[in-house]
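For reference, the structure is listed below as structure tokens.
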Amino acid sequence: MTVIKNIAKDRILQITVVITIISLFFARPRIEDINFHTLYSILAMLTIIQIFSYLHVLDVLAYKLTASARSTRRLTAIFTILSIVSAMFLTNDITVLTLIPLYLTIAKRHHLPEILPVTLIGMGANIGAAFTPWGNPHNIFVVNRYNVSPLKFFSWSLPLLLVSLTIVLLFIFFVKDKPIPTVPLEDIRISVRPMVLTIAVSIFFFFGVFNIVPAIVAVILALIINPSIMLHVDYALLLTFTCFFIFISDIQQIPFIVTLISKTMFSEHSVFLTSIISSQFISNVPSTILIGKFTNYAEALFLGSNIGGFGSLVGSMANMLVFKSFVENGTVSKRKFFWIFSVLEFAGLLILTILGWIVLDFVI
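When we follow UniProt numbering, the leftmost residue of the sequence shown carries the number 1, and every step to the right adds one.
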């Protein structure tokens with residue numbers, strides 16, 4: 001019953017369902033347009049993430065690392081780097097939902113700055129998630145849609161990671177450096193055996209994303225580790241993705257829409273810019289799926305969709321979760337947070353867009 005309630009109250013799913021129902025008046029979805037391998041991969045990803053969350057892996061790492069922090073800038077750097085690394089494996093959404101409330105708890109206790117560190121943690125989550133195929137759902141879609149090999153994928157994501165990392169580390173220097181008292185350690189322990197088994201399942205998931213083994217194998221193995229974990233999986237996200245596929249299957253059968261979108265897909269650079277701009281209004285996940293149906297420029301779509309995660313609050317789901325977490329846990333002006341967050345996000349977006357354009361010109 002709790003699972004159904006969680007699905008029913010998900011606002012993003014509600015909006016997606018309404019839009020999908022409207023699209024059904026214009027066309028009927030085709031079964032071949034629904035990428036079931038992507039859906040299986042996302043289910044596996046959500047299951048593994050839930051196990052890691054259950055094991056409190058990220059909480060333990062955060063407390064152990066912050067215990068050594070001696071200043072506000074160092075604490076911000078620790079949380080930002082941890083956000084980048086954890087998002088590579090646990091997705092940007094889970095990273096944001098775990099680290100931001102944790103940081104704000106410490107910040108309130110010791111009267112530390114909130115706005116800039118939280119913004120950087122959110123940016124770090126998007127940076128880390130872009131690096132791996134499973135860091136965010138649209139990377140899974142790109143890998144499956146274009147049959148991207150691991151070597152090819154990381155040849156795209158590594159330069160983006162290095163440039164993004166440089167930008168966010170420079171932003172850290174804007175945090176005022178003040179001494180802080182030692183952050184006490186919380187008594188949270190990790191069970192070794194489930195942890196080892198979960199890592200093994202994660203390896204199968206990696207193979208599943210790249211079609212080396214069926215993605216559903218990782219889900220079956222996760223069920224063996226902890227069957228009850230399936231009650232806590234984010235099925236709303238899975239259903240949201242299913243709605244995306246249905247919606248896009250419908251609209252790509254409308255001649256006017258096909259003509260309109262096709263006119264913006266004439267080159268790598270146009271795909272790159274279209275995915276960035278559309279992400280600012282409809283978020284990068286639906287933008288990637290929509291544009292992916294009309295282009296074979298996989299590299300440009302990958303860069304555009306991940307860079308498009310910066311900028312507006314709706315650029316990525318993680319951005320919306322950053323704001324939501326701050327509203328629920330922050331103690332300073334929400335309006336001030338929104339403006340500083342937006343300025344830094346759009347600054348990062350502008351820099352990465354210029355560099356992405358250069359990459360398309362001279363590297364790819």
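Quick reminder that beta carbons are idealized off the backbone N, C-alpha and C, glycines included.
Hey, I225 and T259: beta-carbon distance below 8 Å or not?
no
My output table needs one value for S283: the three-state DSSP class, helix, strand or coil.
coil
Of all the options Q14, L43 and I21, which has the alpha carbon lying nearest to the alpha carbon of V233?
L43
Does N35 pass the burial test, meaning 16 or more other C-beta atoms within 10 Å, or should it be called exposed?
Around the Cβ of N35, a 10 Å sphere holds 16 or more other Cβ atoms; the residue is buried.
Once the 5 residues before and after K334 are set aside, which same chain residues still bring their CB inside 6 Å of it?
V327
DSSP state of S71, grouped into three classes?
Note: S71 maps to strand in three-state DSSP.
Below 8 Å on the Cβ atoms is my contact criterion, and I expect S283 with M230 to pass it. Report the Cβ-Cβ distance as a whole number of Å.
Actually they do not touch by this definition, with Cβ atoms about 26 Å apart.
Okay, do the segment 338–357 and the segment 118–132 touch, 3+ Cβ pairs below 8 Å being the bar?
As far as the Cβ criterion goes, the segment 338–357 touches the segment 118–132, which means the pair count is three or higher.
In terms of residue numbering, what span does the alpha helix (DSSP H) encompassing M123 cover?
I115 to F131
Thinking just about the alpha-carbon of each residue, which of I289, V142, G135 and L104 is nearest to the one in M88?
With respect to the C-alpha of M88, the residue from I289, V142, G135 and L104 having the closest C-alpha is G135.
Our contact map puts H138 next to S305 with C-beta atoms below 8 Å; I'd like the distance itself, whole angstroms only.
5 Å
Any idea what DSSP makes of P179, helix, strand or coil?
Under the three-state reduction of DSSP output, P179 falls in the strand class.
Just to confirm before moving on: does the CB-CB distance between G308 and S262 stay below 8 Å?
no
Apart from the five residues on each side of it in sequence, which residues of its chain come closer than 8 Å, Cβ to Cβ, to F281?
Contacts found: S312 and V314.
Tell me the residue span of the alpha helix (DSSP H) that contains D250.
Y235 to I251
Nearest to L162 by CA position, among L352, I4 and L360, is which residue?
L352
Going straight from the alpha carbon of D33 to that of N144, what length do you get?
The straight-line gap from Cα to Cα measures roughly 13 Å.
Going straight from the alpha carbon of V142 to that of F210, what length do you get?
11 Å
Note the first and the last residue of the continuous alpha helix (DSSP H) segment covering D33.
Where D33 is concerned, there is no enclosing alpha helix (DSSP H), given that its DSSP letter is neither H nor E.
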